[in-house]
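Student: Under our numbering, the sequence shown has 71 at position 28, and the numbering climbs by one with no breaks. Positions of the beta carbon are idealized from the N, C-alpha and C atoms, including for glycine. All values derive from a computational prediction rather than experimental measurement. Have a look at this one before I ask anything.
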Amino acid sequence: IFQRLNGVTKVTSGYGGGQILNPTYEEVCSGTTGHAECCQIVYDPSVISFDELLEVFWKTHDPTTLNRQGNDVGTQYRSVIFYHTPEQKEKAEYYKKELDSSKAFNNAIVTTLEPYKNFYSAEAYHQEYYNSNPGQMYCRFVILPKVEKFEKVFKDKLKTTTLTKK
Numbered sequence: 044i045f046q047r048l049n050g051v052t053k054v055t056s057g058y059g060g061g062q063i064l065n066p067t068y069e070e071v072c073s074g075t076t077g078h079a080e081c082c083q084i085v086y087d088p089s090v091i092s093f094d095e096l097l098e099v100f101w102k103t104h105d106p107t108t109l110n111r112q113g114n115d116v117g118t119q120y121r122s123v124i125f126y127h128t129p130e131q132k133e134k135a136e137y138y139k140k141e142l143d144s145s146k147a148f149n150n151a152i153v154t155t156l157e158p159y160k161n162f163y164s165a166e167a168y169h170q171e172y173y174n175s176n177p178g179q180m181y182c183r184f185v186i187l188p189k190v191e192k193f194e195k196v197f198k199d200k201l202k203t204t205t206l207t208k209k
């Protein structure tokens with residue numbers, strides 16, 4: 044999703060927030076390392092703001108399920124924002140509070156806000172997974188509908204070359 048946004052220069056899949064150095068996918072999947080599967084986003088703030096990235100974050104996943112995203116269950120699948128600055132924390136807290144108080148979701152938001160302490164790139168086969176495996180069943184039936192919805196909602200923020208081909 045994020046790599047399709049104008050102003051985002053790099054997205055790396057990986058693991059953040061855990062206690063061990065350089066965890067493997069298998070270690071993270073065990074749920075014992077404290078890491079969350081996440082992505083590291085590098086962006087140009089003169090093109091896209093942190094607020095806009097937060098908007099995409101809130102609208103493209105379910106922030107109300109504890110330790111779960113879709114069929115994936117465990118602490119490694121928690122909804123989390125790893126903030127780098129006090130300003131980022133304040134903005135994330137503000138939007139979380141506003142979304143909760145406005146009842147934007149049927150249930151309370153359980154997204155955690157955690158200070159950035161580490162990030163480890165996932166193995167090479169996890170990078171660009173959707174783009175590299177569009178015919179894979181998970182990509183076709185789980186990711187593609189999310190991407191198509193995202194492209195409709197955020198069409199004014201997309202890189203012109205990233206529209207999904209039908």
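1) Residues in the same chain with beta-carbon distance under 6 Å from Leu109, minus the five sequence neighbours each way, listed in chain order, please.
2) Rounded to a whole number of angstroms, what is the C-alpha to C-alpha distance between Glu224 and Ser164?
3) Taking all protein chains shown into account, do 16 or more other C-beta atoms lie within 10 angstroms of the C-beta of Tyr58, making it buried, or fewer, making it exposed?
4) Between which two residues does the beta strand (DSSP E) holding Val51 run?
5) Per the DSSP calculation, Cys182 is bridged to which residue(s)?
6) With 16 as the cutoff for other CB atoms within 10 Å, does Lys53 come out buried or exposed?
7) Looking only at its chain, what residues have a beta carbon closer than 8 Å to the beta carbon of Tyr126, apart from the 5 residues adjacent to it on each side?
8) Report the residue from Arg111, Thr75, Val123 whose alpha carbon sits nearest the alpha carbon of Gln83.
9) Would you call Gln119 buried or exposed, if buried means 16 or more other Cβ atoms sit within 10 Å of its Cβ?
10) Please classify Pro129: does DSSP put it in a helix, a strand, or coil?
11) What would DSSP say about Phe148, mapped onto helix, strand or coil?
12) Pair every Cβ in the region 142-153 with every Cβ in the region 87-107, then say whether three or more of these pairs are closer than 8 Å.
13) Would you tell me roughly how many angstroms separate the C-alpha atoms of Ala151 and Leu97, rounded to the nearest one?
14) Measuring CB to CB, does Tyr168 end up less than 9 Å from Ile186?
15) When the distance is taken between beta carbons, is Gly50 closer than 9 Å to Lys94?
16) If we call anything under 9 Å between Cβ atoms a contact, is Glu70 one with Ile63?
Tutor: So, from the listed chains and residues:
1) Val153
2) This structure gives no information on residue 224, because the portion of the chain shown stretches from 44 to 209.
3) buried
4) 51-59
5) None; Cys182 has no bridge partner.
6) exposed
7) Lys132, Ala135, Leu156, Glu157, Pro158, Tyr159
8) Val123
9) buried
10) helix
11) coil
12) yes
13) 17 Å
14) no
15) According to the sequence shown, residue 94 is Asp rather than Lys. Against a cut-off of 9 Å, the Cβ pair of Gly50 and Asp94 comes out as no contact.
16) yes
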